[in-house]
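The working numbering puts the sequence shown at residues 31 to 430. By construction, the Cβ of each residue, glycine as well, lies at the ideal position given by its N, Cα and C atoms. Everything below concerns the one structure shown next.
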Amino acid sequence: MTRLMGTLRGSQPVARFQRCCGLFLAGDRSSNGNNGGPSAEGNLDRGTCNGVGALRGPAAPGRGLPNGVRSGRGQQGCTQKYIVKNYFYYYLFRFSAALGEEVFYITFLPFTYWNIDHSVSRRMIVVWSIVMYIGQVSKDILKWPRPLSPPVVKLEMRTDAEYGMPSTHAMAATAISFSFLLATANLYKYPFELGLAAAFVFSALVCLSRLYTGMHTVLDVIGGALISAVLLLLLYPAWDTIDHLLLTSPFCPLLSIAVPLLLCYNYPKLDYYSPTRGDTTTILGAGAGATLGFWLNNQFAASGYPRDSFQLGLPLLTSRMVVVMLTRFLVGILLVLLTRWLMKSVVLGLLGYRYKFSRGDLEARRRLEVEVPYKFITYFSVGLSATVIVPRFHQLLGLM
Numbered sequence: 031m032t033r034l035m036g037t038l039r040g041s042q043p044v045a046r047f048q049r050c051c052g053l054f055l056a057g058d059r060s061s062n063g064n065n066g067g068p069s070a071e072g073n074l075d076r077g078t079c080n081g082v083g084a085l086r087g088p089a090a091p092g093r094g095l096p097n098g099v100r101s102g103r104g105q106q107g108c109t110q111k112y113i114v115k116n117y118f119y120y121y122l123f124r125f126s127a128a129l130g131e132e133v134f135y136i137t138f139l140p141f142t143y144w145n146i147d148h149s150v151s152r153r154m155i156v157v158w159s160i161v162m163y164i165g166q167v168s169k170d171i172l173k174w175p176r177p178l179s180p181p182v183v184k185l186e187m188r189t190d191a192e193y194g195m196p197s198t199h200a201m202a203a204t205a206i207s208f209s210f211l212l213a214t215a216n217l218y219k220y221p222f223e224l225g226l227a228a229a230f231v232f233s234a235l236v237c238l239s240r241l242y243t244g245m246h247t248v249l250d251v252i253g254g255a256l257i258s259a260v261l262l263l264l265l266y267p268a269w270d271t272i273d274h275l276l277l278t279s280p281f282c283p284l285l286s287i288a289v290p291l292l293l294c295y296n297y298p299k300l301d302y303y304s305p306t307r308g309d310t311t312t313i314l315g316a317g318a319g320a321t322l323g324f325w326l327n328n329q330f331a332a333s334g335y336p337r338d339s340f341q342l343g344l345p346l347l348t349s350r351m352v353v354v355m356l357t358r359f360l361v362g363i364l365l366v367l368l369t370r371w372l373m374k375s376v377v378l379g380l381l382g383y384r385y386k387f388s389r390g391d392l393e394a395r396r397r398l399e400v401e402v403p404y405k406f407i408t409y410f411s412v413g414l415s416a417t418v419i420v421p422r423f424h425q426l427l428g429l430m
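Dropping the structure here:
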């Protein structure tokens with residue numbers, strides 16, 4: 031068992047998976063086989079793309095890239111050249127990786143609230159916030175490194191500044207897809223087997239994309255999916271109770287703000303800067319704002335979206351429903367982005383005045399006393415806007 035765990039934690043299984051999917055490091059001898067794609071000799075900064083704590087050397091001199099050879103550059107001078115021999119897998123897994131990003135969920139979850147069902151959205155946001163917090167904290171406690179390059183091709187560089195175990199992409203994809211399935215199974219008429227297959231395919235694609243992009247080991251991905259599944263099993267029996275407390279408890283406003291802030295300010299400390307604390311603050315801030323919005327809507331009996339505006343069944347959707355849903359989404363996203371821009375400008379301006387730094391000073395924005403309030407207030411406002419302000423605009427525009 032120990033040997034198996036060591037193998038799954040290693041970089042070679044990831045590199046083999048990439049090669050099976052037609053992705054090679056430039057200069058890799060195995061890329062010169064008859065696989066139907068171009069071969070190339072490329073310069074590679076060996077050992078400079080190994081993530082947290084790795085020594086980073088100077089970038090190799092650039093040359094023109096042959097057909098099929100691409101170059102990726104990180105923020106710290108990390109340069110790689112790689113060969114793509116199967117573009118179907120390349121674009122499939124790059125798209126699948128995007129489905130695990132926070133930006134996707136911060137757009138998908140409001141879409142669910144505006145167009146599908148409030149109760150479904152509430153449950154998914156609670157699960158997403160809890161799962162992502164536990165995943166991000168676990169990374170900085172375990173401190174397991176990401177796969178080494180070489181032999182692995184690294185297609186992303188921002189997340190390479192974080193530790194690997196567990197994969198939060200795998201955790202989020204598993205939690206969101208299966209919580210959506212469980213929350214909608216009793217509300218809408220569709221074959222449960224079809225929903226189960228869709229949830230499995232969605233989560234599997236996101237998980238495999240983390241191997242293809244070279245961001246996680248096999249054990250990272252398996253661990254992330256299993257942790258998320260266990261958390262979902264533990265939370266599912268208490269869904270109705272949690273939902274009732276979120277809507278009716280007089281302590282909800284206080285707790286929805288105080289608890290996330292406490293968790294953000296007491297995030298595990300590292301010897302270097304990592305984006306995990308900022309990402310966690312973003313997630314908890316958005317979840318806190320949405321939670322307060324749910325409570326306010328229930329307390330003041332705000333009108334909701336009609337449930338029959340979206341029905342899973344036959345016929346699935348009418349042209350009018352599609353137009354209304356897209357209009358709601360576009361109006362909502364516009365207001366959310368406007369809220370984000372406005373609050374970001376105001377909060378950064380106030381913090382800059384308080385702590386004497388300019389808005390372009392990235393080092394100052396990474397400090398605890400700046401990063402946490404800046405990101406929490408900004409995304410708290412985004413969550414509140416999505417659940418309170420946007421529905422009021424939809425009502426004024428006759429989109430309810």
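Nearest residue (CA-CA) to residue i, options the options
i: residue 132; options: 227, 409 and 48; result: 409
i: residue 325; options: 354, 284, 307 and 290; result: 284
i: residue 291; options: 236, 305, 163 and 172; result: 163
i: residue 142; options: 46, 372 and 362; result: 362
i: residue 286; options: 323, 309, 31 and 299; result: 323
i: residue 321; options: 273, 116 and 384; result: 273
i: residue 269; options: 390, 36, 150 and 49; result: 150
i: residue 250; options: 166, 289, 185 and 294; result: 166
i: residue 351; options: 114, 144, 125 and 36; result: 144
i: residue 277; options: 304, 329 and 115; result: 329
i: residue 185; options: 228, 121, 381 and 297; result: 121
i: residue 384; options: 301, 201 and 399; result: 399
i: residue 423; options: 115, 357 and 223; result: 357
i: residue 405; options: 146, 387 and 371; result: 371
i: residue 263; options: 281, 299 and 206; result: 206
i: residue 429; options: 355, 52 and 382; result: 355
i: residue 140; options: 187, 359 and 220; result: 359
i: residue 52; options: 115, 45 and 280; result: 115
One or two residues paired with residue i in a DSSP bridge
i: residue 54; result: 113
Test item: CB-CB of residue i and residue j under 8 Å
i: residue 233; j: residue 255; result: yes
i: residue 176; j: residue 245; result: yes
i: residue 55; j: residue 112; result: yes
i: residue 192; j: residue 173; result: no
i: residue 297; j: residue 312; result: no
i: residue 261; j: residue 160; result: yes
i: residue 235; j: residue 126; result: yes
i: residue 396; j: residue 295; result: no
Cβ-Cβ separation, residue j to residue i (assumed contact under 8 Å), whole Å
i: residue 377; j: residue 403; result: 7 Å
i: residue 204; j: residue 327; result: So it is not a contact: roughly 29 Å between Cβ atoms.
i: residue 308; j: residue 202; result: Not confirmed; about 16 Å, so no contact.
i: residue 147; j: residue 217; result: 6 Å
Do the region 304 to 323 and the region 125 to 143 make contact, defined as three or more Cβ pairs closer than 8 Å?
At 8 Å Cβ cutoff, the stretches touch.
Is it true that the region 235 to 243 meets the region 193 to 204, where meeting means three or more beta-carbon pairs spaced less than 8 Å apart?
Contact between the region 235 to 243 and the region 193 to 204 is present, with at least three C-beta pairs closer than 8 Å.
Between the region 357 to 371 and the region 412 to 422, can you find at least three pairs of beta-carbon atoms closer than 8 Å?
Judged by pairs of C-beta atoms under 8 Å, the region 412 to 422 touches the region 357 to 371, as three or more such pairs exist.
Is the number of C-beta pairs between the region 166 to 185 and the region 36 to 45 that are closer than 8 Å three or more?
The region 166 to 185 is in contact with the region 36 to 45.
Decide if the region 202 to 211 is in contact with the region 144 to 159; the criterion is three or more beta carbon pairs, one per stretch, under 8 Å apart.
Flag = yes, the region 202 to 211 and the region 144 to 159 touch.
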